[in-house]
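**Student:** This is the structure, below, for whatever I ask next.
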Amino acid sequence: MKQSYVWLSLWAFWLAAGLWPAPARAEGATALRLRLRYADGTAVAGERVVLERLPEEEPVLPVCETDANGECVWYVGRGLYQLLFTRPLDPVSRLATAEGGLTGFGVTVGDEAITYHFTFHSDGRVYFDAAPEAAVPSPIIPEPEALHSGAAPTPALAGELVEATPIPEPTSAPDTAVAATAGSPWRLILFIGGGLAIGGGLHFWSQKRRKTDEKTTRLPDDKTARLPDDQTTQLPDDKTTRLPTEETKDA
84 MKQSYVWLSL
94 WAFWLAAGLW
104 PAPARAEGAT
114 ALRLRLRYAD
124 GTAVAGERVV
134 LERLPEEEPV
144 LPVCETDANG
154 ECVWYVGRGL
164 YQLLFTRPLD
174 PVSRLATAEG
184 GLTGFGVTVG
194 DEAITYHFTF
204 HSDGRVYFDA
214 APEAAVPSPI
224 IPEPEALHSG
234 AAPTPALAGE
244 LVEATPIPEP
254 TSAPDTAVAA
264 TAGSPWRLIL
274 FIGGGLAIGG
284 GLHFWSQKRR
294 KTDEKTTRLP
304 DDKTARLPDD
314 QTTQLPDDKT
324 TRLPTEETKD
334 A
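Throughout the sequence shown, residue numbering follows our numbering, covering 84 to 334 in sequence.
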C-alpha cells in the first residue's frame, strides 16, 4: 500500500511537470546566452546572474544560475541590458560603468542570437573573456590609463632600459628657405626687366632693319624710272632735232 502511494505521488509529479506551462517566448525574442569560466578554463556552475533591461533596470525573470557548462540563456527583445554578478567589479570597471549610469556589464541584443563570455580571474573579479575559443580564458582587465586616454600604454619589462628618444638638431634649411623666399621678388623683377630690355632691343632692331630694306628697294625703282625717260625723251630728240640742222648749215 505504501509502495503504491509512492508511485502515485511520482506519477502525479511527472504529470504536473509535463502540464506546467513553460515560460512563453515573446514574439521576436532573441536568445541571449552567457558563458562563464574560471581562470583555468573550467566552467563555473551554480553562479547566480541577474539580467536587467535598461534603462528601467527591470529584472528579466527568471534569475539564472549557470548550468554545468557555465551557461545561462534568456529570451529577450532587442535592446540594451546589463548583467549583474555576485562578485564585485574591479575599481576601473566600476568607475567606467558608473560614468555610464550602470551597475553591471552592459550588453546589447539585436535580431540574432548572441553569446557573451566572461571569466573569473585569480583576483576574484569578473571580466570579459577575450579568448572564448581558447582552452584558457584571457580576461580583458582595464587600466586607469585606458579609461582616461582610450589606450593603455605598453608596460615596460622590469630592468629594461628605455633609451631616450633623440631630438633632431635644427639645420640651416629653414634659413635657406627664408633667404630664397625673400630673394624671389627681386629675381622676379630682374627677370621682368631683362625680358623688357630684350624685347625692346628686338623691336628696335626689327624696325631699323625694315627701314633699311625699304630704302634698298626704293633706289632701283627711281633709277629705272628716271634713266629710261631721259634716254628715250632727251637724247633721241636732241639728235633728231639738232644734228640734221647742223648738217644742213654745213651743206
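Cβ coordinates follow ideal geometry from the N, Cα and C atoms, glycine included. In this text, all values refer to a predicted model and were calculated from it rather than measured experimentally.
Are I223 and A213 close, meaning C-beta to C-beta below 7 Å?
**Tutor:** Yes, these two residues count as a Cβ contact at 7 Å.
**Student:** With a threshold of 6 Å on Cβ separation, who are the neighbours of Y199 within its own chain once the five nearest residues in sequence on each side are excluded?
**Tutor:** Contacts found: L117 and V190.
**Student:** Which term fits Q165, buried or exposed, when burial requires 16 or more other beta carbons within 10 angstroms of its beta carbon?
**Tutor:** Classification of Q165: buried, given that the 10 Å Cβ count is 16 or more.
**Student:** Per DSSP, what kind of secondary structure is V156 in: helix, strand or coil?
**Tutor:** Looking at V156 - three-state DSSP - the assignment turns out to be strand.
**Student:** Would you mind listing the alpha helix (DSSP H) stretches within the segment 134-183 that are 4+ residues and don't spill past its ends, in chain order?
**Tutor:** Entirely contained in the segment 134-183, the alpha helix (DSSP H) runs reaching 4 residues are, in chain order, 174-182.
**Student:** Using DSSP with H/G/I as helix, E/B as strand and the rest coil, what is P215?
**Tutor:** Looking at P215 - three-state DSSP - the assignment turns out to be coil, as it is neither helix nor strand.
**Student:** Compute the beta-carbon to beta-carbon distance between V146 and R131, rounded to the nearest angstrom, for a pair I have assumed lies under 8 Å.
**Tutor:** Indeed they touch by this definition, with Cβ atoms about 6 Å apart.
**Student:** Applying the criterion that 16 or more other CB atoms from any shown protein chain within 10 Å of the CB defines a buried residue, is S176 buried or exposed?
**Tutor:** Result: buried.
**Student:** Should G124 and A218 be called a contact, given that it needs their Cβ atoms to be closer than 7 Å?
**Tutor:** Yes, they are a contact pair.
**Student:** Pull up the distance between the alpha-carbon of V133 and that of E228, whole angstroms please.
**Tutor:** Each residue's Cα considered, the two are about 30 Å apart.
**Student:** Have a look at A112 and G207 and give me their C-alpha separation to the nearest angstrom.
**Tutor:** Using only the alpha carbons, I get a separation of about 33 Å.
**Student:** According to DSSP, which residues form a beta bridge with V192?
**Tutor:** G162, per the DSSP bridge assignment.
**Student:** Please tell me whether, using a cut-off of 6 Å, the distance from the CB of Y121 to the nearest non-hydrogen atom of the ligand NAP is below it.
**Tutor:** The model depicted lacks the ligand NAP and carries no ligand whatsoever.
**Student:** Any idea what DSSP makes of T198, helix, strand or coil?
**Tutor:** T198 falls in the strand class under three-state DSSP.
**Student:** Assuming Y121 contacts F203 (C-beta within less than 8 Å), just tell me the rounded distance between them.
**Tutor:** Y121 to F203, Cβ: 5 Å. Contact.
**Student:** Within this structure, are the beta carbons of R161 and G193 separated by less than 7 Å?
**Tutor:** Yes, the pair counts as a contact, with Cβ atoms nearer than the cut-off.
**Student:** Taking all protein chains shown into account, do 16 or more other C-beta atoms lie within 10 angstroms of the C-beta of V156, making it buried, or fewer, making it exposed?
**Tutor:** Looking at its Cβ environment, which holds fewer than 16 other Cβ atoms inside 10 Å, V156 is exposed.
**Student:** Considering only the alpha carbon of each residue, which of F201, Y158 and E140 lies closest to A114?
**Tutor:** Nearest C-alpha to A114: Y158.
**Student:** For V127 versus F168, is the C-beta distance shorter than 7 Å?
**Tutor:** No, the Cβ-Cβ distance between V127 and F168 is not below 7 Å.
**Student:** Inspect the beta-carbon positions of L119 and F188 and report whether they are closer than 7 Å.
**Tutor:** For L119 and F188, no; Cβs fall outside 7 Å.
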